[in-house]
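Okay, structure first, notes after.
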Amino acid sequence: MSHEPLDAAPAETPRRDAHDAAVDALESSAPAGGSDHERRHREATPEEDALQDAGAVTVLRRGVAATPELREGLLLTGLLAILTAAGKLAVPILIQQTLDRGVLGDRGYRAGFVAVACAGTALLTIVLYALNRGTFRRLVRAAEASLLGLRLRTFSHIHRLSIAEHVDHRRGALVARVTSDVETLAQFTEWGAVAWIVDSTLLVATLAVMAVYSWQLTLVAMAVFVPLLPLLRALQRRQLAAYDDVRNAVGGTLSEVSELVSGAPVVLAYGLEGRARRRLDAAIDKQYRAHLRGAKWFSIMFPLADLFGAVALAAVVAAGAINGEAWGLGFGELVAFLFLVNLLLTPISQLTEILDQTQTAIAGWRKILGVLATPVDVEEPVDGASLPQGPLAVDLEGVRFAYREGGEVLRGLDLHLPAGCTVAVVGETGSGKTTIAKLLCRLADPTAGVVRVGGVDLREVAPESRHARIRMVPQDGFLFDAPLADNVRMGRVDATDTDVDAAFASLGLSGWVDDLPGGIHASVGERGGNLSVGERQLVALARAQLGDPGLLILDEATSSVDPETEQALANALDRLATGRTVVSIAHRLSTAERADVVVVVDAGEIVEHGPHAELLGRGGVYSGLFESWLGNTRAG
Amino acid sequence: MPRGPQEQRLLRRGFALLWLSVKTQRTPFILSVSGAALFAVMAVGGTVVLGRITDEVLEPAFQGGADRGAVAVGAGALVGASLLRMVGVVLRRYFGQMAQRRMQVHWFTRVTDRYLRVPLRWFEEHPAGELLAHADADCERSTMAMQPLPFSLGVLVLIVVATVQLAVVDPVLMLVGLALFPSLAIINSAYTRRVERPAAAAQARVGDVSSVTHESFEAALVVKTLGLDGRERERLRCAAEGLRQARVEVGNLRASFEPALDALPNLGTIVLLWVGAWRLSTGAVTTGELVQAMALFGILAFPFRIVGFLLEELPRAVVAHDRIAGVLRAPDRVRPAEPRPLPPGPVEVELDDVTFAYGHDIVLEGLAARVAPGEVVALVGSTGSGKSSVCSLLAHLVDPTAGEVRLSGVPLSELDPDALHRATALVFQETFLFGDSVRENLTLGSPIGDDEVWAALDVARARPFVERLPHGLDEVIGERGVTLSGGQRQRLALARALLRRPQLLLLDDATSAVDARVEQAILARLRGRTEATTLIVAHRVSTIALADRVLLLEDGRIVADGTHRSLLQVPAYAALVRAYEQDAA
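Protein chains in written order, with my numbering: chain P, 21 to 656; chain D, 139 to 723.
Right, here's the structure in full:
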């Protein structure tokens, strides 16, 4: 009863300790460490940065607004919570009543009164148990529904963000928004939010009952407790700082281990074991010290509440014994007071913990809201047009493009590519040729000008039509950890195994597929790791073939592909190109040689375009590029 | 509670593991348990004080005035008992942490020691994420049960002392207590057991959500271009819905049990009050003794949870420890019994009938080759012909399945590993740079002057971009620093190799991401700067042509050997060169 656990449960099992820190670190880009703002990489969007400065209340309000599931039925849950909190006062009151009126009163021992009072309170305890259980269940249901909703909304929003946000070093942070950041809200939504209600109710109700018995003694007890709250807050801040140190130290050891593991060939080849051991030992020692520093604060915080409770009790005993009768206090009331003082301890020591949880939740919400506030690059049209059948012509009209941060990449391109032609876009790294590919499949919209495909402004094309009729084969086609056939089927969801077979056959790849263990049901492994880069491109071509696109955008792999696969790729591509417009971002001169039209891009502008032979004869940029290619490859 | 034989075995092994940990960390553990015992005794002591105060301070106060001396003693005793509890808690927590963290350091050090001794192949057989988890999460998990242990032992003390105290007060009240303790224990144990499965399921679902999210964001380009966002959302919904259900199940169990664990001591107190009022009226107990008994019930509810935590943690600790034990069983790299030194100067390389296999996959078969000291040889062959394996063999990262590799006449199996590391420099295609400053990445901790570092950067054509870095040689690169391009990384790795002044330089496709013209310049300068015997794996014809001699590798054997020009007569070589010509970066 009144003696609530002097040592609260969450403290004893520090689950949010180093282990979670390690998990966080792992989740946010493998060997991590340090807090987000320590990294020099841009980890946050400007919108996220803006939210860093928003006040806690603003974030909380916007956070709750972003999770409508949380508010559902909150009123009733809150009401139930208040009832159960008030119910905790039943037993101390029973003690007082029994002592004053049942045993020690003027009428002596009243067995009937005691039995009825005890039975009544027991019944109340059982009813309160049921209410408490109901409150908990409602909370869990609402909290988990809201987390699910928030997770899905954040996930979908992130998928709609610009492709520029999906860079390697941002990925860990984006994954964290959907995983660990949502998890930080779990404790708060399941318990913290309502604990505010419960604990304040309990605090107020206890003080009220105490005041009914004796307002003077209540003031004595309160006077003792007043300094406890700020003291606990101060200690908690120290503890949180120590906890930050632990996180950083764990991040440090993790990077050391990670370097040892992923750098094993270098460590072994260069005999760096001694160096690795020294660095590891230093990191491990740092982590151990951080843990112990944290343990120091952690050890003192909880007994402190106990100590204040004892002092309050001593003060109440002294004041009550000396002045009790003068203040009109009964003996039973004074005894009940002893239990009530202890009842005060729980909400007071819990409030610091709830504050901590609330802060964690606010930090999580801040990050999630930041991502949700980041505008999407490409707004889809409401009633989009369809692209025409057959091969699609491409028109660029005064197209300019600049990334959200950084200078202009394309500076006014005008180009007409007739339907059904094959085009090679060449240029040096950074010339803007990859950006052209992005604009053609609307991974981004031009900052000025219009991209027309099949005569339609790409911004007015319905997404379904665009996805079906325009296909991009990226440099390294990402494969999902699923059977080969499922990966190909992403090109057309309703395709059967026969369709998949046919797609491979029409590209002349049946032989390759048959050689795979399991044929089209072969497992491609994580990220398609069971296949080589070239083979992954073959799969991407089959995906495209299945969709029957009118415009194909091919980003050639820069890394070398083994000759056999190279041959298969060229072959498959020839077949795929038949009757389609093909735009290749070319890294190989053979591709440029074979194309109907070569487009030369330099510093964001089209400097030459025309057939290979014609451009060679002109003796301009392209012939220079071509010469250097030849020089490099035929230098024997 | 009945438990299956497997669970029982797991628990037994858990206790064995705890015993081992306790023995290793004896001093902090004993201090921690002493603290727990002190806390237990003083928790009961506090209730005794409360009872005595009721009888000797409060009751007299209402019957004719308080004795100020007694008030002072009572108040002092309350605070004193609390201070002693505080000492107990601080001792228990601080030294409990110390014992656990020291044990974690113990395992951490042993695991990483093993990582430093295993052969390279062992790393290839184990995913990096797994190895990371062994060192970090597993070492922590396997020691976690040490934290609730001192308190659990303290709980035993608490129950014994509390029962004795109740018996001293009144045997009838003790009987109420004896009914309450076991029911608390039973409810706790039932809760622990029932929540175990859904809690584990929830944990697994967290992993699902995380991997779906990760894969999906990694595939962002494909998702966008194929319009797969709806499908991806469905995939996440499946995983997240599974997580939600598991969480709700855990939450519902908690909703049933936690309020029960709150309510039960309350019910006990009510029964105590009912019986106690009668005992009080007959004079069998005093008011103070009744107050003491009720206060005692109040402090009993929670400690039972601690035993639950311990039992929850134990099986996890065993599983984590099993994984650690798996790492510790990993084999050592073989070191020669009597290591021989390597003669100075450029080395002579001999591969004598070397066969090398990955499992059943034979990569090299009866390969024989010789490279004269100071010679520059290009190794050419299609993907999978075994070029990289030759490099790994020469750096003694792997051992041949049959045959012998000799450097300057010394078989690698007899060569002093330290001498080998000093003499050879292997540069990989996949460059590995440490998350550290440029300088540290180049010198690897050796005392090398900046002039020398810059000279090496010059040869590797890395000076211009390093100079442009805001902090030059002190710039931190990698995950937490600036990102370098593949070509820049390769050039740094090359400079790192040159700084070691190797006698044997192995370039395994080490300049593949460097612009062709820059590569030529680098290799030309390299030839002027080093006397080292050099083996180059390359794909560009221009690079191959720079070598003194070319070895053509096919299906694990050398099928042609000669200068680039003379080999052009060999059809297989000519075909390969044509394929490379198609490929211009």
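All residues carry an ideal CB built from backbone N, CA and C; glycine is no exception.
Span of the beta strand (DSSP E), counted from its first residue to its last, around residue i
i, result
"P:Gly432", "428-437"
"P:Arg472", "468-473"
Interface flag, residue i vs chain P, CB-CB below 8 Å
i, result
"D:Gln191", "In the sequence as displayed, the identity of residue 191 of chain D is Ile instead of Gln. Answer yes: the Cβ-Cβ gap between D:Ile191 and chain P drops below 8 Å somewhere."
"D:Ile408", "yes"
"D:Val333", "no"
"D:Tyr329", "no"
"D:Lys737", "This structure gives no information on residue 737 of chain D, because the portion of chain D shown stretches from 139 to 723."
"D:Arg627", "no"
"D:Lys161", "no"
"D:Gly533", "Note that residue 533 of chain D is Ala in the sequence shown, not Gly. Taking Cβ atoms only, chain P reaches closer than 8 Å to D:Ala533, which makes this a yes."
8 Å Cβ cutoff, residue i in contact with chain D
i, result
"P:His57", "For P:His57, the predicted model reports a pLDDT of 33, less than 50, meaning its position is unreliable and no value from the coordinates is stated."
"P:Leu365", "no"
"P:Asp44", "Low confidence applies here, because P:Asp44 scores a pLDDT of 34, under 50, leaving its location unreliable and the question unanswered by this model."
"P:Met492", "yes"
"P:Tyr290", "yes"
"P:Val337", "yes"
"P:Leu451", "As written in the sequence, residue 451 of chain P is Ser, which differs from the Leu given in the question. So no, P:Ser451 is outside the interface."
"P:Lys306", "no"
"P:Gly122", "yes"
"P:Glu399", "no"
"P:Ile320", "yes"
"P:Asp501", "yes"
"P:Pro466", "no"
"P:Met510", "yes"
Top-ranked residue by Cα proximity to residue i, from the options
i, options, result
"P:Arg158", "D:Val344, D:Leu149, D:Ala393, D:Trp245", "D:Ala393"
"P:Gly440", "P:Gly450, P:Val414, P:Val446, P:Gly447", "P:Val414"
"P:Trp532", "P:Ser610, P:Val559, P:Arg82, P:Asp514", "P:Val559"
"D:Gly694", "D:Gly524, D:Ile437, D:Ala175, D:Tyr329", "D:Gly524"
"P:Ala502", "P:Asp519, P:Glu546, P:Leu459, P:Leu375", "P:Glu546"
"D:Arg382", "D:Leu637, D:Ala340, D:Trp416", "D:Ala340"
"P:Val508", "P:Asp219, P:Phe524, P:Gly352", "P:Phe524"
"D:Leu714", "D:Leu311, D:Glu197, D:Ala676", "D:Ala676"
"P:Val244", "P:Leu358, P:Ala330, P:Glu428", "P:Ala330"
C-alpha distance - residue i paired with residue j, whole-angstrom precision
i, j, result
"P:Leu529", "P:Gly630", "32 Å"
"D:Thr562", "P:Asp535", "40 Å"
"P:Ser176", "D:Asp346", "17 Å"
"P:Leu260", "P:Ala335", "32 Å"
"D:Glu387", "D:Arg467", "39 Å"
"P:Val621", "P:Leu571", "20 Å"
"D:Arg331", "D:Phe395", "12 Å"
"D:Arg663", "P:Leu596", "45 Å"
"P:Ala405", "P:Thr174", "28 Å"
Within chain P, the residues that residue i reaches when beta carbons sit closer than 8 Å
i, result
"D:Trp416", "Tyr129, Ala131, Val134"
"D:Val576", "The contacting residues do not exist; D:Val576 stays about 14 Å from chain P at best."
"D:Trp157", "Correct list: empty, because the minimum Cβ distance to chain P is about 21 Å."
Where the alpha helix (DSSP H) through residue i begins and ends
i, result
"D:Ser419", "367-419"
"D:Gly191", "The sequence as given places Ile at residue 191 of chain D; Gly does not occur at that position. 164-191 is the span of the alpha helix (DSSP H), which, as asked, contains D:Ile191."
"D:Phe494", "Run containing D:Phe494: none in the alpha helix (DSSP H); it sits in the beta strand (DSSP E), 487-496."
"D:Leu294", "286-307"
Any non-hydrogen atom of the ligand COA within 7 Å of residue i CB
i, result
"P:Val281", "As for the ligand COA, it is missing from this structure, which has no ligand bound."
Contacts that residue i makes with chain D (C-beta to C-beta distance below 8 Å)
i, result
"P:Tyr233", "Residues of chain D passing the Cβ test: none, with the nearest at roughly 14 Å."
Interface partners of residue i on chain D, CB under 7 Å
i, result
"P:Arg295", "Leu582, Gly583"
Partners in chain P for residue i, counting only beta-carbon separations shorter than 9 Å
i, result
"D:Pro397", "Thr104, Leu148, Tyr149, Ala150, Leu151, Asn152, Arg153, Thr155, Phe156"
"D:Pro555", "Gly291"
Beta-carbon neighbours of residue i, restricted to chain D and to distances below 9 Å
i, result
"P:Leu274", "Leu270, Ala273, Asp274"
Contact set between residue i and chain P, taken where Cβ atoms lie within less than 7 Å
i, result
"D:Ser726", "Outside the modelled stretch of chain D, which goes from 139 to 723, sits residue 726 of chain D, for which no answer is possible."
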